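Participant:
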Amino acid sequence: MTQAAIPVQVHLFARYAELLGHERVDLQLAPGTTVGGVVSRLRAMPGGDRLPARLLVARNLEQVGDEATVSAGDEIALLPPMSGG
Amino acid sequence: MGFLTDAPIRLEALLREVEAPDRGAVATFLGVVRDHHQGRAVRDLEYTAYGPMAEAEGARIAGEAESRWPVRVAVRHRTGRLAVGDAAVAVAVAGAHRAEAFEACRYVIEELKRRVPIWKRERYADGTEAWVDPTAAGGVVPVEGRAR
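Chains as they are written, first to last, in our numbering: chain A, 6 to 90; chain B, 85 to 232.
Take a look at the structure:
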């Protein structure tokens, strides 16, 4: 029996929201999916091919690497280079 | 008081949060909207933030400064549409002596610029717009989406 897909919210900001045409994407992922896997899904969306090769990603408000795994209900965010201040 | 605000920043309010009779040194930093960037005339700009993470990261940075130096820190960043001359960010640090106040103030603004998820979109005198991106050649990336 296959395990149920897990729901994950992905938030997009600034230029990345502009490139993909969305500020939020809801994904259903296979259990054990990594942050790198989430990024691959986004790259496959229209406009996603223009995301830069290296991306900053946050999971539940903290930056994580591609190898971090994603759990049900996690909030993932793609962060363009910061320009506050 | 929260880190992000959509209202004008008042430095006096931050000073009140950090001042105390045993803190004889107060250092402040104000980041103000400049009228030019990379040789182009800036009309105004807009800051957007990843609100919950910006709040968490702002609090973490203030906490780091307060544990590295014997100081109290207040820091605020504005979001929304800002005009030239408006304060975008303010830091106030109070300690017993000036060395720790200056060092902690510098630490907070440098870490904020590096780590807090806030993005600046500039609108120029000719009506075009760009995302500020310190990693891009020329420091900006033109806005391609629909004008807001």
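Quick reminder that beta carbons are idealized off the backbone N, C-alpha and C, glycines included.
Since this is a predicted model, take the numbers as computed values, not measurements.
Less than 8 angstroms between the C-beta atoms of residue 206 of chain B and residue 116 of chain B, yes or no?
Facilitator: Sequence index remark: in the second sequence, residue 206 of chain B carries index 122 (1-based). Sequence index remark: in the second sequence, residue 116 of chain B carries index 32 (1-based). No, Cβ-Cβ distance for residue 206 of chain B and residue 116 of chain B is not below 8 angstroms.
Participant: Since residue 201 of chain B is in the alpha helix (DSSP H), which residue starts that stretch and which ends it?
Facilitator: The residue labelled residue 201 of chain B in the question sits at position 117 within the second sequence. Segment: none, residue 201 of chain B is in no alpha helix (DSSP H) and carries neither H nor E.
Participant: At a CB-CB cut-off below 8 angstroms, which residues of chain A make contact with residue 128 of chain B?
Facilitator: Walking along the second sequence from the start, residue 128 of chain B turns up at place 44. Going along chain A, no residue has its Cβ under 8 angstroms from residue 128 of chain B, so there is no contact; the nearest lies around 15 angstroms.
Participant: Mind checking whether residue 218 of chain B and residue 134 of chain B have CB atoms under 8 angstroms apart?
Facilitator: Within the second sequence, numbered from 1, the residue matching residue 218 of chain B stands at position 134. Within the second sequence, numbered from 1, the residue matching residue 134 of chain B stands at position 50. No, the Cβ-Cβ distance between residue 218 of chain B and residue 134 of chain B is not below 8 angstroms.
Participant: Could you pull the DSSP bridge partners for residue 31 of chain A from this structure?
Facilitator: One-based indexing of the first sequence puts residue 31 of chain A at position 26. Bridge partners of residue 31 of chain A: A/14.
Participant: Under the rule that 16 or more other beta-carbon atoms within 10 Å means buried, what is residue 70 of chain A, buried or exposed?
Facilitator: The residue you call residue 70 of chain A lines up with position 65 of the first sequence. With fewer than 16 other Cβ atoms within 10 Å, it is exposed.
Participant: Roughly how many angstroms lie between the CA atoms of residue 89 of chain A and residue 213 of chain B, to the nearest whole one?
Facilitator: Your numbering for residue 89 of chain A matches position 84 in the first sequence. Your numbering for residue 213 of chain B matches position 129 in the second sequence. Those two C-alpha atoms are separated by around 17 angstroms.
Participant: Determine the extent of the beta strand (DSSP E) in which residue 226 of chain B is found, giving its start and end residues.
Facilitator: If you number the second sequence from 1, residue 226 of chain B lands on position 142. Per DSSP, residue 226 of chain B belongs to the beta strand (DSSP E) from 224 to 226.
Participant: Using a Cβ-Cβ cutoff of 7 angstroms, what residues of the stretch 176 to 188 of chain B are near chain A? List them in chain order.
Facilitator: Those would be none; no residue qualifies.
Participant: For the putative contact between residue 52 of chain A and residue 26 of chain A, defined by C-beta atoms under 8 angstroms, what is the C-beta separation to the nearest angstrom?
Facilitator: Your numbering for residue 52 of chain A matches position 47 in the first sequence. Your numbering for residue 26 of chain A matches position 21 in the first sequence. Confirmed, Cβ separation roughly 6 angstroms.
Participant: What separation, rounded to the nearest whole angstrom, lies between the Cα atoms of residue 120 of chain B and residue 36 of chain A?
Facilitator: The residue you call residue 120 of chain B lines up with position 36 of the second sequence. The residue you call residue 36 of chain A lines up with position 31 of the first sequence. Taking the straight line joining both Cα atoms gives about 49 angstroms.
Participant: Looking only at its chain, what residues have a beta carbon closer than 6 angstroms to the beta carbon of residue 168 of chain B, apart from the 5 residues adjacent to it on each side?
Facilitator: One-based indexing of the second sequence puts residue 168 of chain B at position 84. 117, 119, listed in sequence order.
Participant: Using a threshold of 8 angstroms, state whether the C-beta atoms of residue 11 of chain A and residue 77 of chain A are closer than that.
Facilitator: Translated into positions along the first sequence, residue 11 of chain A becomes position 6. Translated into positions along the first sequence, residue 77 of chain A becomes position 72. Closer than 8 angstroms, so yes.
Participant: Measuring CB atoms only, is the stretch 183 to 197 of chain B touching the stretch 142 to 160 of chain B, in the sense that at least three cross pairs come out at less than 8 angstroms?
Facilitator: Judged by Cβ distances under 8 angstroms, the stretch 183 to 197 of chain B makes contact with the stretch 142 to 160 of chain B, as three or more pairs qualify.
Participant: Give every residue of the same chain whose Cβ lies closer than 6 angstroms to the Cβ of residue 231 of chain B, excluding the five residues on either side of it in the sequence, and list them in chain order.
Facilitator: In the second sequence, residue 231 of chain B corresponds to position 147, counting from 1. Low confidence applies to residue 231 of chain B: its pLDDT is 45, below 50, so where it sits in the model is not reliable, and the reading given next is rough at best. Within the same chain, residue 231 of chain B has no close Cβ partners at all.
Participant: Can you name the start and end residues of the beta strand (DSSP E) that residue 147 of chain B belongs to?
Facilitator: As a position in the second sequence, residue 147 of chain B is number 63, starting the count at 1. Careful: residue 147 of chain B lies outside any beta strand (DSSP E), inside the alpha helix (DSSP H) at 135 to 152.
Participant: So that I know if they touch, is there some Cβ in chain B lying closer than 8 angstroms to that of residue 85 of chain A?
Facilitator: Start at 1 with the first residue of the first sequence, and residue 85 of chain A comes out as number 80. Answer yes: the Cβ-Cβ gap between residue 85 of chain A and chain B drops below 8 angstroms somewhere.
Participant: For residue 226 of chain B, does the count of other Cβ atoms within 10 angstroms reach 16, so buried, or fall short, so exposed?
Facilitator: By one-based count along the second sequence, residue 226 of chain B stands at place 142. Counting Cβ neighbours within 10 Å, residue 226 of chain B comes out exposed, since fewer than 16 surround it.
Participant: Look up residue 102 of chain B in the DSSP assignment and say whether it is helix, strand or coil.
Facilitator: Locating residue 102 of chain B in the second sequence gives position 18, counting from the first residue. Helix.
Participant: Can you find a CB in chain B that lies within less than 8 angstroms of the CB of residue 20 of chain A?
Facilitator: Sequence index remark: in the first sequence, residue 20 of chain A carries index 15 (1-based). Yes, residue 20 of chain A counts as interfacial toward chain B.
Participant: In terms of alpha-carbon separation, which member of A/9, A/32, A/8 lies closest to residue 16 of chain A?
Facilitator: Residue 16 of chain A sits at position 11 when you count from the first residue of the first sequence. Among A/9, A/32, A/8, the Cα nearest to that of residue 16 of chain A belongs to A/32.
Participant: Check for me: the alpha helix (DSSP H) holding residue 72 of chain A runs from which residue to which?
Facilitator: To locate residue 72 of chain A, count along the first sequence from 1; it is residue 67. Segment: none, residue 72 of chain A is in no alpha helix (DSSP H) and carries neither H nor E.
Participant: Write down the C-beta distance between residue 33 of chain B and residue 204 of chain B rounded to the nearest angstrom, noting that I regard them as a contact closer than 8 angstroms.
Facilitator: Coverage of chain B is limited to positions 85 through 232, which leaves residue 33 of chain B absent and any answer about it impossible.
Participant: Under 7 angstroms Cβ to Cβ from residue 58 of chain B, same chain only, skipping five residues before and after it: list those, please.
Facilitator: For residue 58 of chain B there is no data in the structure shown, the boundaries of chain B being 85 and 232.
Participant: I need the straight-line Cα distance from residue 8 of chain A to residue 143 of chain B, nearest angstrom please.
Facilitator: In the first sequence, residue 8 of chain A corresponds to position 3, counting from 1. In the second sequence, residue 143 of chain B corresponds to position 59, counting from 1. One C-alpha to the other measures close to 39 angstroms.
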